[in-house]
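If you're matching them up, the sequences are chains V and W in order. For the record, in the first sequence the residue sitting at position 131 is 131 according to my numbering, with numbers rising by one throughout. For the record, in the second sequence the residue sitting at position 569 is 569 according to my numbering, with numbers rising by one throughout. Don't be surprised by glycine CBs; every beta carbon is placed ideally from N, CA and C.
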Amino acid sequence: MHTFAELIIVFVILLDLALAVTGSLSSCIRLVAVQGVVAGILPLLAGSGTPHARTAAFAAFIILLKGVVFPWLLTRARDRSGARKDVEPLITYPASIMLCLGAFIASSWLGSRLPLPETNVAWIVPASLATIFTGFLLITTRSKAITQVLGYLVIENGIYIFGLALFVEQPLMVELAILLDVFVAVFVMGIAIFHISREFDHIDTAELSELSDWRRGEYGK
Amino acid sequence: MLLVLLSIILLLASSALALFFSREPSRAQDAGAYGAVAASALGLWAAVRTLAAGSAETLSLPWSVPLGSLSFCLDPLSALFLVPVFLLTGLAAVYGVGYLRSYAGSKPLGLAWAAFNTLTAAMVLVFTAANAVLFLLGWELMAAASFLLVLFEHDKAQSRKAGFIYLAAGGAGALLLMAAFALLGAGSPLLDFASFRTPSGTAASAIFLLALGGFGLKAGFIPLHVWLPEAHPAAPSHVSAVMSGVMIKTGIYGLIRVLVFLGPWQEWWGWTLLAAGCVSCVLGALFALAQHELKRVLAYSSIENIGIILAAVGLGMVGAAHNADRLAALAFAGALLHVFNHSLFKGLLFMGAGAVLHGAGTAELDALGGLAKKMPRTALLFIAGAASACALPPFNGFAGEFLVYLGAFKGISSYPAVALAGVLAGLSLAVAGALAAAAFARAAGAAFLGEPRTERAAAAHPPDGLMLFSMYALGALCLAVCAAAPLLLVPLVSAVGAGFGGGFGAAAALEVPGPLVYISAGALLLAAVAAIAAVKRRSMFPAARTADVPTWDCGYAAPTARMQYGASSFAQPLTDFFQPVLRKLGQYPVIAEYFPGKASFSTEAQAVVYNAVYAPAAARIRDLAYRFSWLQHGRLQIYIMYIVVTLLGLLLWKL
Numbered sequence: 001m002h003t004f005a006e007l008i009i010v011f012v013i014l015l016d017l018a019l020a021v022t023g024s025l026s027s028c029i030r031l032v033a034v035q036g037v038v039a040g041i042l043p044l045l046a047g048s049g050t051p052h053a054r055t056a057a058f059a060a061f062i063i064l065l066k067g068v069v070f071p072w073l074l075t076r077a078r079d080r081s082g083a084r085k086d087v088e089p090l091i092t093y094p095a096s097i098m099l100c101l102g103a104f105i106a107s108s109w110l111g112s113r114l115p116l117p118e119t120n121v122a123w124i125v126p127a128s129l130a131t132i133f134t135g136f137l138l139i140t141t142r143s144k145a146i147t148q149v150l151g152y153l154v155i156e157n158g159i160y161i162f163g164l165a166l167f168v169e170q171p172l173m174v175e176l177a178i179l180l181d182v183f184v185a186v187f188v189m190g191i192a193i194f195h196i197s198r199e200f201d202h203i204d205t206a207e208l209s210e211l212s213d214w215r216r217g218e219y220g221k
Numbered sequence: 001m002l003l004v005l006l007s008i009i010l011l012l013a014s015s016a017l018a019l020f021f022s023r024e025p026s027r028a029q030d031a032g033a034y035g036a037v038a039a040s041a042l043g044l045w046a047a048v049r050t051l052a053a054g055s056a057e058t059l060s061l062p063w064s065v066p067l068g069s070l071s072f073c074l075d076p077l078s079a080l081f082l083v084p085v086f087l088l089t090g091l092a093a094v095y096g097v098g099y100l101r102s103y104a105g106s107k108p109l110g111l112a113w114a115a116f117n118t119l120t121a122a123m124v125l126v127f128t129a130a131n132a133v134l135f136l137l138g139w140e141l142m143a144a145a146s147f148l149l150v151l152f153e154h155d156k157a158q159s160r161k162a163g164f165i166y167l168a169a170g171g172a173g174a175l176l177l178m179a180a181f182a183l184l185g186a187g188s189p190l191l192d193f194a195s196f197r198t199p200s201g202t203a204a205s206a207i208f209l210l211a212l213g214g215f216g217l218k219a220g221f222i223p224l225h226v227w228l229p230e231a232h233p234a235a236p237s238h239v240s241a242v243m244s245g246v247m248i249k250t251g252i253y254g255l256i257r258v259l260v261f262l263g264p265w266q267e268w269w270g271w272t273l274l275a276a277g278c279v280s281c282v283l284g285a286l287f288a289l290a291q292h293e294l295k296r297v298l299a300y301s302s303i304e305n306i307g308i309i310l311a312a313v314g315l316g317m318v319g320a321a322h323n324a325d326r327l328a329a330l331a332f333a334g335a336l337l338h339v340f341n342h343s344l345f346k347g348l349l350f351m352g353a354g355a356v357l358h359g360a361g362t363a364e365l366d367a368l369g370g371l372a373k374k375m376p377r378t379a380l381l382f383i384a385g386a387a388s389a390c391a392l393p394p395f396n397g398f399a400g401e402f403l404v405y406l407g408a409f410k411g412i413s414s415y416p417a418v419a420l421a422g423v424l425a426g427l428s429l430a431v432a433g434a435l436a437a438a439a440f441a442r443a444a445g446a447a448f449l450g451e452p453r454t455e456r457a458a459a460a461h462p463p464d465g466l467m468l469f470s471m472y473a474l475g476a477l478c479l480a481v482c483a484a485a486p487l488l489l490v491p492l493v494s495a496v497g498a499g500f501g502g503g504f505g506a507a508a509a510l511e512v513p514g515p516l517v518y519i520s521a522g523a524l525l526l527a528a529v530a531a532i533a534a535v536k537r538r539s540m541f542p543a544a545r546t547a548d549v550p551t552w553d554c555g556y557a558a559p560t561a562r563m564q565y566g567a568s569s570f571a572q573p574l575t576d577f578f579q580p581v582l583r584k585l586g587q588y589p590v591i592a593e594y595f596p597g598k599a600s601f602s603t604e605a606q607a608v609v610y611n612a613v614y615a616p617a618a619a620r621i622r623d624l625a626y627r628f629s630w631l632q633h634g635r636l637q638i639y640i641m642y643i644v645v646t647l648l649g650l651l652l653w654k655l
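Structure, rendered in structure tokens:
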């Protein structure tokens, strides 16, 4: 059974790498959804023996939310905002994948150093950390507001896997709380993106910095 | 204790109600004022009862905030500070209804009342909190509420500047206090005052300096006073009365409390307080003399009075270091009595200045004059308050200073080791008193006597009944305190005991009764003489014989009101003498011809310390901050990266 769980972990890492190099916005949304679904299957396999009915119900709820509701919300936001079809990275794709690989190496080192309880599934801690880093990578190096929502979701996936590693007994209670936050956040961001694009005809966050009260070159005025 | 808590709740509830009615100014006024008066009555009853009983009441409830607990303590020291809080805020609320009426529609009165009552509640919290977190919560709430009130007339650039300086001073002070409390509470699970352990020598000195800075920024002694002359004139007058009368005393209160936590005092602490106090009282009075605006004069006079209180505490501490307990007891009792008295007469004076501002539309001394004819009662009350501020008997300002003088003389006569401190304190008080007398003679004379200098002053109208009521009440209290001085013995002795230590309370019980009886007897005697003189005068000069005629005009064909002695000309001999300190700016006309033409003359009082120290320091800090402006570029992605890098750094650091 654990072999299958480890396979899923490998799949999650591969999805991280794929996210780092994917240029199409719709592919990104799909990849994040797939990662969420795959991560949602994990608790069914991680425990020993047959999964509890409650665990199964939670897993189903999570898969529904991450695999269906979020992608639908995000696709709708993308369509309505009429944004360009690519993610508009601030750095090149090779640089992105190098950073992602670096993050993976750092997470393996970090995972061996963190004082955590023993886990059943190998690589679960490094994979979760790598996913969190990938999420941050998406947030910091992509210029569209919608990719920041995606990065946020990837971070959530990472935290979810990390939670599985840590709270072997009661991971789902914690996850449910986080998930509610994420749901509200995605909802709000979806609305916000729509409004931003309606007001400013674009969702490029770099242009939004024009709104800040600080401008370069106004020193001493 | 429960009554005090109830008054806090009542104040906060009426705040919320006033905010709720912000669209209907008259209802907002009612909600705020009735709440304030009811809370004052409740709290006053509780505070007076504690003072009469001389015992402490405590209440402690758990609180979910880290290091915090809802611990309250109402001891005689708190009660002595609370009595003026309740007295003055209650009367100021009554005054405020009349004062703010003309702002209805143009200013958010609901917000002003909400801030006023929150300010009162926060002060009550500060004076009763027995946990550092709770204390700081009250402290910050007080700063925030008063900040809103300072910005009441935010359409004026000067008010905005005052608000900014006030905010910066408040923030810096709170920062120092947090450090002081953190050092005091090191090692204890809760920051309850009861759980503080006496720190070692060096730590105690560090805490003393932090507390002196933090509380000093609120109390406003020189050189930490810069916000005071800006913020007091900016706030509405009843708020200035409360800020100057009681809010700045939270600094004195906090300092006294922290001194008790620090265990045995080191002598140089006393000298530091004494020096700061002497400098503040002399320079405060001197700066007051050079100001051109009535409320600014009063603000500097507050700095002078805080200096007197601080000098008295310092004198007492130096005395205590030399086992001169009786001297210390006199000085401490004088300091506490002056805290009480200052709140009464400064409240009265600010209300009087407010009546001038309200009636004439300006408080610039050079634009006033002749107001005694337009608002005779206000003039009488203002002059009574001014006499009290100059420590003239039979007004209450005299009582506290008298005790401090006695302490200083006791040092000179019976304790050779403390003689220098006694000389320093006595001399500073005397110089400050003389300068304050000049400053108030100038301010009251320029505003109320002579002929109106401008049309606005000529068209001034007297304040309404509510405003007058509050001023009469405070004026009566100013007289009553001196006349009934022996009644203050029990409260003073128990407050000295609770604030500084039981030994000083016992010494005060021996030393203070005599002077209090003298004060009372002297005041009554003076009042009797004054009454006889008044009756005599009436019989000598019947009303029919006085007539209204122009002043003798020295042969000028067309005298104008501007030929009168003005505020600047009255003070010129003194201000010229102190020019190296005052650094006033002036333009004097040079008369070179036999028939000189039109000429103009101006003097301007400078914020000396602000210009010399704070403005350059602020400019330096701003330059330094601009050097890091490249960090603030407005790119969201990079901001998030800052957070990630910081979090990673913390993770790796703890690994």
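In this structure, DSSP gives Asp192 of chain W an extended state, which the three-state scheme calls strand. Counting the other CB atoms within 10 Å of its CB gives Asp75 of chain W a total of 16 or more, which places it among the buried residues.
Residues of the same chain with a CB within less than 6 angstroms of the CB of Ala204 of chain W, apart from the 5 flanking positions on each side, are Leu262 in chain order. Residue environment analysis places Ala121 of chain W among the buried positions, since at least 16 neighbouring C-beta atoms fall within 10 angstroms of its C-beta. For Gly220 of chain W, the CB contacts under 8 angstroms within the same chain, skipping 5 residues up- and downstream, are Trp227, Leu228, Ile248, Gly251, Ser302, Ile303, Ile306 in chain order. Residue pairing for Arg142 of chain V: DSSP places it in a beta bridge opposite V:Pro89.
Within the DSSP bridge table, the entry for Leu70 of chain W names W:Leu61 as partners. In this structure Asn117 of chain W touches Ala36 of chain W by the C-beta definition: roughly 6 angstroms separates them, less than 8 angstroms. Look at Gln587 of chain W here: in three-state DSSP terms it is strand. Under the 8 angstroms Cβ criterion, the region 69-84 of chain W counts as touching the region 43-60 of chain W, having at least three qualifying pairs. Boundaries for Ser602 of chain W: no alpha helix (DSSP H) harbours it, while the beta strand (DSSP E) harbouring it runs 602-604, taken from the DSSP string.
Taking the beta carbon of Phe136 of chain V as reference, the chain W residues within 8 angstroms of it are Ile640, Met641, Val644, listed in sequence order. Judged by DSSP in its simplified three-state form, Ala104 of chain W adopts strand. Your pair Trp265 of chain W and Ala312 of chain W does not check out as a contact, with CB atoms roughly 15 angstroms apart and the cut at 8 angstroms.
DSSP, reduced to helix, strand and coil, places Ala157 of chain W within a helical segment of the structure shown.
Taking a C-beta cut-off of 8 angstroms against chain W, the contacting residues of the region 137-162 of chain V are Ile139, Thr140, Thr141, Arg142, Ser143, Gln148, listed in chain order. When rounded, the separation of the alpha-carbon atoms in Glu88 of chain V and Leu651 of chain W is 31 angstroms. At the C-beta level, Val150 of chain W and Gly138 of chain W stay beyond 8 angstroms of one another. Within the region 82-114 of chain V, Leu90, Leu110, Arg113, Leu114 place their CB atoms closer than 8 angstroms to a CB of chain W, listed in sequence order. Excluding five sequence positions before and after Leu80 of chain W, the CB atoms of its chain that fall closer than 7 angstroms to its own CB belong to Leu51, Leu336, Phe340, Pro491, Ala495, given in chain order. Here Ser24 of chain V carries a strand assignment [DSSP, helix/strand/coil].
For Glu401 of chain W, the enclosing alpha helix (DSSP H) starts and ends at 397-414. Taking CB atoms only, Gln637 of chain W has a neighbour in chain V less than 8 angstroms away. With fewer than 16 other CB atoms across the displayed protein chains lying within 10 angstroms of its CB, Ala122 of chain V is exposed. Interface residue (Cβ-Cβ distance to chain V less than 8 angstroms): Leu624 of chain W is not classified as such. At a cut-off of 8 angstroms between beta-carbon atoms, Leu70 of chain W makes no contact with chain V. In the DSSP secondary-structure assignment, Ala129 of chain W is bridged to W:Phe72.
Rounded to the nearest angstrom, the Cβ distance from Leu65 of chain V to Phe183 of chain V is 7 angstroms, consistent with a contact under 8 angstroms. The criterion of a C-beta distance shorter than 8 angstroms is satisfied by Ser470 of chain W and Tyr95 of chain W. Membership of His342 of chain W in the alpha helix (DSSP H) is indicated by the continuous run 325-360. Contacts with chain V at 8 angstroms (Cβ-Cβ) include Leu655 of chain W. The beta carbons of Ala446 of chain W and Phe570 of chain W sit closer together than 8 angstroms.
Straight-line measurement puts the Cα of Ala386 of chain W at about 16 angstroms from the Cα of Cys281 of chain W.
By the neighbour-count criterion, in which a residue is buried when 16 or more other Cβ atoms sit within 10 angstroms of its Cβ, Pro115 of chain V is exposed. When DSSP states are grouped into helix, strand and coil, Glu293 of chain W belongs to the strand group.
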